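Presented below is the structure to which this report refers.
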Amino acid sequence: MKLFTLNFIASFLFGALLTCSTAFAQEKTELQYFRQNSKEGLNVFESPKEKGGDFDKVRVFVGGDFALQFQSINHSNSLNNLVQLGSNFNLPSANLNINTQLADGMRLHLRTYLSSKHHNEAWVKGGYVQIDRLGFIKEGFLDGVMDYTTLTFGMDEFNYGDAHFRRTDNARAIYNPFIPSDK
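Just so we're aligned: the sequence shown equals residues -25 to -1, 1 to 158 in mature numbering (1 follows the signal peptide of the UniProt record, and there is no 0).
Following this line, the structure appears as structure tokens:
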């Protein structure tokens, strides 16, 4: 009976410790100048110039995208010489997104494809440093210019028209207009 009581107390203390550390891990903070990865980011093509959260220290935000898509395609022609297509699920895909708030108005983004249609290994899709304020150089430095300017260094997505902003980016399918959403 004493062994059961000790195990119960140890389990309770471990659970309480785990709950407390989880509560601290779920602290509500926002990235500055960030296009949301949820429905709030639909039809937003650039990061907003509204500041968002306040900067107090360097923070790392880890997120992900996951998709399991069903595909059903038919095709036909007048000769009826096409291969019959079936319906099935595509391979699951996943992205790992790391966003870091480095300074006030400065953040780093890195996207890694963990699984995708034609790759069985993880690979870095791209990353960039985005600067929306130059206060880390000198307080108030070029504030009037930076109200309308965003500096981006690195490589993430080539801009080749509006369709590019609406396509599925591996597992980030929420922005694709052909994927139903209830917005």
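Beta carbons: idealized from backbone N, C-alpha and C, even for Gly. Keep in mind the model is a prediction, meaning the values are calculated, not measured.
By the Cβ rule, the region 65 to 85 counts as touching the region 103 to 115, because three or more pairs are nearer than 8 Å.
Under the criterion of beta carbons closer than 8 Å, A146 and A97 do not qualify as touching, at roughly 12 Å. If you look at G39, you'll find it in the beta strand (DSSP E) that goes R34 to A42. Per DSSP, the beta-bridge partners of D144 are R147.
Checking the DSSP bridge columns, you'll see I106 partnered with M81 and L126. K32 and R10 have their C-alpha atoms some 20 Å from each other. Partner residues in a beta bridge of R10, as assigned by DSSP, do not exist. Within the model, the alpha-carbon separation for I73 versus F153 is close to 26 Å. Judged by DSSP secondary structure, G27 falls outside any alpha helix (DSSP H); it is assigned neither H nor E.
For N63 and G101, the gap between their C-alpha atoms comes out near 30 Å. Straight through space, the alpha carbons of K14 and L43 are spaced by roughly 18 Å. Considering only S91, R142 and T87, the residue with the shortest C-alpha distance to V99 is T87. Nearest to G119 by alpha-carbon distance, out of F41, L6 and K24, is K24. One Cα belongs to A148, the other to R142, and the distance between them is close to 7 Å. In the DSSP assignment, N63 falls within the unbroken beta strand (DSSP E) covering S62 to F64. The continuous stretches of beta strand (DSSP E) do not include F153, and DSSP gives it neither H nor E. For F111, no beta strand (DSSP E) encloses it, and the DSSP letter there is neither H nor E.
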